[in-house]
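To keep things clear, I will list the structure first and then write my remarks on it.
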Ligand code: ZN
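Numbering (my numbering), first residue to last: -2 to 158.
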């Protein structure tokens, strides 16, 4: 069975940057399962996987625009330290979950923290990064009607929701 919309795909993958540094890999956590065609994964990877089948391996290079987007310097903004109430030390590199204007949770990274002012970066940590995926397709199956209704895959062991 080929990868197409409304199919659930199981993958093994390794993600590296253009210098070969490993950013993420499915290895230790077991396989990665997603619903194809539902924008559950970045567009560049989803497009490259269309038409592949179990056992296929592929190497994909994805530009930022097909990945997590280009960096937007307007997303760098100063905020008062009081926004980090309850956190003893705020230091560059720390990441926090924040709620954006769209109501979605996203990650912000602390760029600097001096005096009462903390500068945060609302860009996705992988914005502006060229991504290299080594992917092996493990399994492809039709999505269940429940998965299609939810817009995501239900991996074995997923609690009912
Ligand atoms: Zn669900």
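Glycine included, C-beta positions come from ideal geometry on N, C-alpha and C.
Item, Value
"Apply the 10 Å Cβ neighbour rule to residue 132 and answer buried if 16 or more other Cβ atoms are within range, or exposed otherwise.", "buried"
"Take residue 15 and list the residues in its own chain whose beta-carbon comes closer than 6 Å to its own, dropping the five residues that flank it on each side.", "127"
"Under the assumption that residue 2 contacts residue 134 (Cβ atoms under 8 Å), give the Cβ distance between them as a whole number of angstroms.", "With 8 Å as the limit, residue 2 and residue 134 do not qualify as a contact, their Cβ atoms being about 16 Å apart."
"Tell me which residue opens and which closes the alpha helix (DSSP H) that residue 43 is part of.", "40 to 46"
"With a cut-off of 8 Å on the beta carbons, I'd call residue 57 and residue 130 a contact; round off their distance for me.", "5 Å"
"Quick check on this structure: which residue in 119, 114, 84, 89 has the alpha carbon closest to the alpha carbon of residue 101?", "119"
"Return helix, strand or coil for residue 147, following the three-state DSSP convention.", "helix"
"With a threshold of 16 other CB atoms inside 10 Å of the CB of residue 74, please say whether the residue is buried or exposed.", "exposed"
"Would you report the Cα separation of residue 149 and residue 140, rounded to the nearest angstrom?", "9 Å"
"Of the residues 124, 115, 146, 30, which one's Cα is nearest the Cα of residue 81?", "115"
"Identify the residues that DSSP records as bridge partners of residue 31: which are they?", "6"
"Given a threshold of 16 other Cβ atoms within 10 Å of its Cβ, counted over all protein chains shown, does residue 36 qualify as buried or as exposed?", "exposed"
"DSSP three-state call for residue 122: helix, strand or coil?", "coil"
"Just the Cα atoms here: how many angstroms apart are residue 51 and residue 44?", "16 Å"
"So, at 6 Å on beta carbons, what are the nonlocal neighbours of residue 64 in its own chain, with the 5 sequence-adjacent residues on each side left out?", "39, 41, 128"
"Looking only at its chain, what residues have a beta carbon closer than 6 Å to the beta carbon of residue 68, apart from the 5 residues adjacent to it on each side?", "120, 124, 125"
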